[in-house]
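Residue numbers (numbering that gives the first Met the number 0): 0 to 289.
Report on the following structure.
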Amino acid sequence: MRYDVRHRTSYRYLQDVSYSCHLAHLLPRATDSQSVEQAEIALSQPAARRRRMADYFGNVVEWFAIDQPHAVLEVISQSRVIVTPARPFGPTGSAAWERVKGALADTAPSDGCDAVQYTFDSPLTASSSAIAIYAAQSFPAGRAIVDGALDLMHRIHADFRYDTTVTDAATPVHRVFEIRSGVCQDLAHAAIACLRALGLAGRYVSGYLLTKPSPGQPRLLGADASHAWFSVWAPPFGWVDLDPTNDVRVSDGHVTLAWGRDYGDVAPLNGVITGGSEHVVEVGVDVIPA
0 MRYDVRHRTS YRYLQDVSYS CHLAHLLPRA TDSQSVEQAE IALSQPAARR RRMADYFGNV
60 VEWFAIDQPH AVLEVISQSR VIVTPARPFG PTGSAAWERV KGALADTAPS DGCDAVQYTF
120 DSPLTASSSA IAIYAAQSFP AGRAIVDGAL DLMHRIHADF RYDTTVTDAA TPVHRVFEIR
180 SGVCQDLAHA AIACLRALGL AGRYVSGYLL TKPSPGQPRL LGADASHAWF SVWAPPFGWV
240 DLDPTNDVRV SDGHVTLAWG RDYGDVAPLN GVITGGSEHV VEVGVDVIPA
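Following this line, the structure appears as structure tokens:
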């Protein structure tokens, strides 16, 4: 599927901002199942300095600074991507989760295994004994890691209520488990914390969903906004992406933007401003088949 993606973020300040600098994770990345035909970011204010680069995780990011007073800033990312369906799992199945855990534990980050760094706690996904107990129900002895991850996804979808009013971008995962509610970001964090509590590798992925459902299909939660899901390291298949918000395996209806340890690594826009402390933010996303 080929998609046109438009992500508009509008900041309206009650007082002028005299200077601002921002880091944008708004450019989709190329993956084994996604190619990027074009991707650009337009600004409503001229940038004094601007640079496109790759961050530590290999995401394409754009840094820019504005040094003239402004009361409004619009950041519009427009891209065209081609997404292919997820490859089916092979007939041999995935390795048992204990075997994967052991392999990760015996591998140092310096050995070049990308997955190892995703076994450790991060600021928003710190594990606990309660989270480990919850996770263990999906991973009995000898279970294939993909089967365990799928079961974990199904349980989080059933046990956690999708609610846009109870969390924010800084809500830690222990609070999400307490209230058993949250948005796609929180459900992804819950799954990642569970995997890491068992010594497995879980990765946070930000992206988008197709705006309009296919004929006869229900509308998916998270459409018309940034979306998030998680990946599990599952040899021999590599990273397997799962969407607990909608209880589906990620496929050609999802557009991948960036990945990291948790939301804090891949927030769409981070920045520092001088002045204009009070502001209103509006965000709009459209994902349209091209």
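Idealized CB from N, CA, C, for every residue including glycine.
Do the CB positions of residue i and residue j come within less than 8 Å of each other?
i	j	result
R5	D285	yes
V80	E39	no
C20	A53	no
V82	S43	no
T244	H188	no
R248	A85	yes
Q184	A227	yes
L197	A134	yes
W292	L199	Residue 292 lies beyond the stretch modelled for the chain, which goes from 0 to 289, so this question has no answer here.
R179	D158	yes
A190	Y262	no
P267	V99	no
V59	R11	no
V204	F236	no
H345	L13	Any question about residue 345 goes unanswered here, given that the chain covers just 0 to 289.
P288	R1	yes
S76	L26	yes
V265	H69	no
T106	T255	no
F88	V172	no
D66	A41	no
What are the start and end residues of the alpha helix (DSSP H) that includes residue i?
i	result
Q184	C183 to A196
D146	I144 to D158
V172	V172 to I178
S128	S128 to A135
Specify, as a first and last residue, the run of the beta strand (DSSP E) that residue i falls within.
i	result
D285	H278 to P288
G89	First-last for G89: undefined, no H or E at that position.
S9	R1 to A23
Y207	G201 to L208
F229	H226 to W232
T255	H253 to G259
L42	Q33 to L42
V239	W238 to D242
R51	R48 to A53
Which of helix, strand or coil does DSSP assign to residue i?
i	result
D113	helix
A102	helix
T118	helix
D66	coil
G215	coil
D264	helix
Assuming residue i and residue j make a contact with CB atoms under 8 Å, what is their CB distance in whole Å?
i	j	result
V16	G274	5 Å
C193	L151	6 Å
G259	L22	So it is not a contact: roughly 13 Å between Cβ atoms.
S9	E97	Incorrect: roughly 49 Å between the Cβ atoms, too far for contact.
G141	A95	5 Å
R154	S137	6 Å
L103	L241	18 Å between Cβ atoms; not a contact.
G181	T166	4 Å
H156	D251	So it is not a contact: roughly 20 Å between Cβ atoms.
Could you check whether the Cβ of residue i sits closer than 8 Å to any Cβ belonging to chain C?
i	result
V254	Among the protein chains of the structure shown there is no chain C, as only one such chain exists.
If we count Cβ pairs, one from each stretch, closer than 8 Å, do we get three or more for the stretch 111-119 versus the stretch 152-168?
No, the stretch 111-119 is not in contact with the stretch 152-168.
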